[in-house]
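Quick notes on the structure that follows.
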Amino acid sequence: MYKKLFIIFAPFIMLVSCTMMDAEDAPVEIPTEPLLTLPEIDAGEVAPLEKAEYVEMEVIEDDTVTANEDGSVRENTLYFDYDSAEVNYDPTDLVGMFAKTMVSNSDATIRLEGHADERGSRAYNLALGERRAQTVKDLMMLRDIESDRISVISYGEEQPVATSHDEDSWQQNRRVEFILE
Amino acid sequence: MFLLTLTLNSAHATLKIEVTHGIKGAMPIAIIPFDIQVNSFDENFAKLISNDLYKSGFFEVMQSYNYPQKVHYSHNLKYKVWRDLGIEQVVVGRVLPSIRSDYAVEFELVDTVRGKRITGYKIPVRKESFRKIAHKISDIIYENLTGIPGIFGTRIAYISSIKEKHRKKFTLNVADMDGYNAVPVYISKRELMSPAWSPDGKYLAYVSFEKKHPQVYIQNLAKGTRVRAPDIDNSTSAPAWSPDGNMLAVTISVGNNLEIFTYEIQTRTTKRFTQSLGIDTEAIWSPDGKSIIFTSNRSGKPHLYRKFLNTGKTARLTFKGVYNADADISPDGRYVVMTHNAGQGFKIGLLDTKTGYFRVLTNGMLDEAPSFAPNGRMILYATEQKQGYGILVAVSEDGRIKQKLSLSDGNVREPVWAPYKK
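So the protein sequences, as listed, match chains A and B.
Each residue of the first sequence is one higher than the one before, counting from 1 in my numbering.
Each residue of the second sequence is one higher than the one before, counting from 1001 in my numbering.
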């Protein structure tokens, strides 16, 4: 596209250099054509906030956060490799532990919240978080937990546990959290 | 080259604008301060126009204290004096009383080499629309000298967020393309994502977590009314408008997967568009309406694909690097811009779909969410600053001119450039 622009300029520049000499002593041409008139331009058409629906800010207790401030591994959180939704590492058998709890509490339901690290696009990360939670759901269903007792939700990269821009933080944010309800 | 810094204080936030890179060999131009023939007028047309033209990167704006003449009508210009300084274009103007409006502004763009007025306008101005008129004048000058429609009068939308310990606030904003006149159009204590302008610029589709999971809403900007689209309980995300404004492409969670659907707004009917084992999301409609470009990890890594609506034929578009996602298409349909990673961090990549030529435009580590200006000459994207704050950057499509927009007290992200008004 830049090339295109140059082509537009090129004849103009040539014209400039040709007329430069002639214009040196030529009488000054006084423009006589009238000015064009523009219609009035509207100031804007975006509604002020009062008209838009407005959600009052409030202090919310975040019931989902069970993070350790130092970022150490949490007991309800499974971690994932970069750009992967595969469960490769479950050293404390979280899936088995939560499945057992749900078998012995037949009215318990569970919410699996998938998350991604900040890298890459937000909508793709939302999808990735969902796939991670979905993988965990599939594993729990293999342990005889009914599909309708497991809900899956993704927050993508929107709710990081650690906020530094480094692998330490990213590793902590690629996760699925198990929340019994 | 000088650094241009503008700061705006408004009720909502302070948006700082900074130009960090300029272009060599730009077109020299002088904007002489306008003659004020009305009482109590304290705006500065010449300054705002100068800033616009400078920021476009195509112009080298001469500093006003160096001006050999301070005249306000083209017939008073001594062309040779300006030519000798290498100034080939001069803008003169005046602010006059008006019967029809608060006042009127007249300006003339003059070619000092040919000794000729290139164009000139008289525009009625209401006090509150001063900035809009000044941007309009910048657009006229820019288009006359480059042959390309200007973008100084266009708007952008973006998401901003403030997070404190137990308190969060997410805001969907609409602002002028230079960051001024930011208007919050929706505020939520839960996450907002993925704003998308309707082709007529009257609606924004976006994702809101207000029901605790992601769902797409369409908001009428003039009235403030909103509808869930599609009106289903599934998680929905990544909305994109069809060029005629009648349909959305959205990602819907179905079964255990994410697929792209088309949604007809009037009839409220959804129709499945993609079917793969992997993630399919981030649809964007081609300007001719015939195909949709989207992100899919069906090959293992996220890449861009194009699927045609009539034939159902799908082709992979990107092969460079390990990550290509979140595409936007230039208004002429030729160029695709994306978030790209080839192992050196996330950068903005530009693909010429006609020649297959691919170029990396930026050199950040966390650059993402590119969006084309409606004239296709600039790209707006989000990046992270070292302090951890998200900022927006406008870059020329050759990657040489950069303009940063940052919020003093929070993150800004997911910028989308509005279309020209219809």
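Yeah, the Cβ is synthetic: ideal placement off N, Cα and C, and Gly gets one too.
Q. Since residue 1346 of chain B meets chain A, which of its residues come closer than 9 Å, beta carbon to beta carbon?
A. 119, 120 and 121
Q. Of all the CB atoms in chain B, is at least one closer than 8 Å to the CB of residue 169 of chain A?
A. no
Q) Considering only residues of the segment 1231 to 1287 of chain B, which uninterrupted beta strand (DSSP E) runs meet the minimum length of 3 residues and lie entirely inside it, listed in chain order? A) 1236 to 1241, 1247 to 1254, 1257 to 1264, 1269 to 1272 and 1280 to 1285
Q.
Suppose you measure from the CA of residue 1258 of chain B to the CA of residue 1312 of chain B; what does that come to, to the nearest Å?
A. 18 Å
**Q.** Residue range of the beta strand (DSSP E) that includes residue 1303 of chain B
**A.** 1303 to 1308
Q: List the residues of chain A that residue 1323 of chain B touches, going by C-beta distances under 8 Å, in chain order.
A: 83 and 120
Q) Residues of chain A with a CB under 7 Å from the CB of residue 1368 of chain B: which are they? A) 120 and 121
Q: Return yes when the Cβ of residue 1206 of chain B is within less than 8 Å of the Cβ of residue 968 of chain B, no when it is not.
A: In the structure as shown, chain B begins at 1001 and stops at 1422. Residue 968 of chain B is therefore absent and cannot be evaluated.
Q | Cβ neighbours of residue 1421 of chain B in the same chain (closer than 6 Å, five flanking residues each side left out) | A | 1201
Q: Could you tell me which uninterrupted alpha helix (DSSP H) segments, each at least 4 residues in length, are contained entirely in the segment 1040 to 1080 of chain B, listed from first to last along the chain?
A: 1045 to 1056
Q) Any C-beta of chain A sitting closer than 8 Å to the C-beta of residue 1380 of chain B? A) no
Q) Could you give the residue range of the alpha helix (DSSP H) that holds residue 131 of chain A? A) 122 to 142
Q) Quick one: what's residue 1188 of chain B bridged to in DSSP? A) B/1170
Q) Among the residues of its own chain, which have a CB less than 6 Å from the CB of residue 153 of chain A, if the five just before and after it don't count? A) 113
Q: Give the straight-line distance between the Cα atoms of residue 1326 of chain B and residue 1125 of chain B, rounded to the nearest whole angstrom.
A: 40 Å
Q) Going by other Cβ atoms of all chains shown within 10 Å of its Cβ, with 16 needed for buried, is residue 1063 of chain B buried or exposed? A) exposed
Q) What are the residues of the segment 1235 to 1250 of chain B that lie near chain A, defined by any Cβ-Cβ distance shorter than 9 Å? A) 1235, 1237 and 1238
Q. By DSSP, does residue 1211 of chain B sit in helix, in strand, or in coil?
A. coil
**Q.** Cross-strand partners of residue 1381 of chain B (DSSP beta bridge)
**A.** B/1393
Q: Decide if the segment 98 to 110 of chain A is in contact with the segment 1210 to 1220 of chain B; the criterion is three or more beta carbon pairs, one per stretch, under 8 Å apart.
A: no
Q. Do residue 1230 of chain B and residue 1250 of chain B have their C-beta atoms closer together than 8 Å?
A. yes
Q | Within 8 Å, strictly: CB atoms of residue 132 of chain A and residue 156 of chain A | A | no
Q. Any C-beta of chain B sitting closer than 8 Å to the C-beta of residue 142 of chain A?
A. no
Q.
What does the alpha-carbon distance come out to for the pair residue 1141 of chain B and residue 1364 of chain B?
A. 33 Å
Q: For residue 56 of chain A, collect the residues of the same chain with a Cβ closer than 6 Å to its Cβ; drop the 5 residues on either side in sequence, then sort them by chain order.
A: Low confidence applies here, because residue 56 of chain A scores a pLDDT of 44, under 50, leaving its location unreliable; read the following figure in that light. Cβ within range, chain order: n/a, list empty.
(Q) Just verifying my parser: in three-state terms, what is the DSSP assignment at residue 24 of chain A? (A) Residue placement at residue 24 of chain A cannot be trusted, given a pLDDT of 37 that sits under 50; what the coordinates show is reported in the next sentence. Three-state result, residue 24 of chain A: coil.
Q. What residues from the segment 1094 to 1109 of chain B come within 8 Å of chain A, judged by C-beta to C-beta, listed N to C?
A. 1100, 1101, 1106 and 1108
Q) Are three or more beta carbon pairs between the segment 1327 to 1344 of chain B and the segment 1278 to 1290 of chain B nearer than 8 Å? A) yes
Q | Endpoints, beta strand (DSSP E) assigned at residue 151 of chain A | A | 150 to 156
Q. Among the residues of its own chain, which have a CB less than 7 Å from the CB of residue 1328 of chain B, if the five just before and after it don't count?
A. 1284, 1337, 1370, 1371 and 1372
Q: Determine whether the Cβ of residue 180 of chain A lies closer than 8 Å to any Cβ atom of chain B.
A: no
Q. Can residue 1090 of chain B and residue 1082 of chain B be called in contact, C-beta distance under 8 Å?
A. yes
(Q) Looking only at its chain, what residues have a beta carbon closer than 6 Å to the beta carbon of residue 1135 of chain B, apart from the 5 residues adjacent to it on each side? (A) 1152 and 1153
Q) Hey, is residue 93 of chain A's beta-carbon within less than 8 Å of any beta-carbon in chain B? A) no
Q. Count the other CB atoms within 10 Å of the CB of residue 1310 of chain B; is the residue buried (16 or more) or exposed (fewer)?
A. exposed
Q: Would you grab the beta carbon distance between residue 1193 of chain B and residue 1414 of chain B for me? Rounded to a whole angstrom, and I think it's under 8 Å.
A: 7 Å
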